[in-house]
Each structure stands twice: as C-alpha cells, then as structure tokens.
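*Asks:*
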Amino acid sequence: MALPVGWNPKQYQKQQEFLTRLLSERQAFEGKVKGSLSEHARLELMGLDKKILCIRSLITDYEATHKEAVL
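Numbered according to the numbering used here, the sequence shown terminates at residue 1286, and the numbering increases by one at each position without gaps.
1) Quick one: any contact between the stretch 1256-1265 and the stretch 1237-1247, if contact means 3 or more CB pairs under 8 Å?
2) Between which two residues does the alpha helix (DSSP H) carrying residue 1272 extend?
3) Using the beta-carbon count (16 or more within 10 Å), is residue 1275 buried or exposed?
4) Relative to the C-alpha of residue 1258, which residue among 1232, 1281, 1244, 1269 is closest?
5) Once DSSP output is grouped into helix, strand and coil, what is the label at residue 1231?
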C-alpha cells in the first residue's frame, strides 16, 4: 500500500517523541519544585506548556490530514 501524499512517518514519529520528551521534562520539573512555585518556575512551566500545546496541535493537524495513514 502506498503512503498518502505528504505523509512522512519519520516526521510523525519525531513529533511523537518530542511530545513525550516535553511531557517528561514538565513532570520532572514539577517534581523538583513541589507545589511552591516561584515566578521563574511558573514562567518556565508556562513555556513548557506552550511547547506541549504547539506540538500536540501539530500532531493533531497532521493526523487529521493523513487519517488513513495514522490508522
């Protein structure tokens, strides 16, 4: 079976791996600061959250564009 036009399994896998790494970083950082967040820590978490939302959006868009390849 031919891959759909524009589908790049390596790119998709890299996006998934990047999301997993960002989620791990966020969890580790949250574990380090344990509830009492300084302004700097809060801003750093917000930055990680923004990256996570962006990559999730990219993955969702990519999946929607190439539904048959994802299934």
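Glycine is no exception: its CB is placed at the ideal position from the N, C-alpha and C atoms.
Computed from a predicted model, the values in this text were never measured in an experiment.
*Replies:* On the basis of the data shown:
1) yes
2) The residue given as residue 1272 occupies position 57 in the sequence shown. For residue 1272, the enclosing alpha helix (DSSP H) starts and ends at 1254-1280.
3) Looking up residue 1275 in the sequence shown gives position 60. Exposed, since its Cβ has fewer than 16 Cβ neighbours within 10 Å.
4) Taking the sequence shown and counting its residues from 1, the one referred to as residue 1258 is at position 43. Among 1232, 1281, 1244, 1269, the Cα nearest to that of residue 1258 is on 1244.
5) To locate residue 1231, count along the sequence shown from 1; it is residue 16. Helix, per DSSP.
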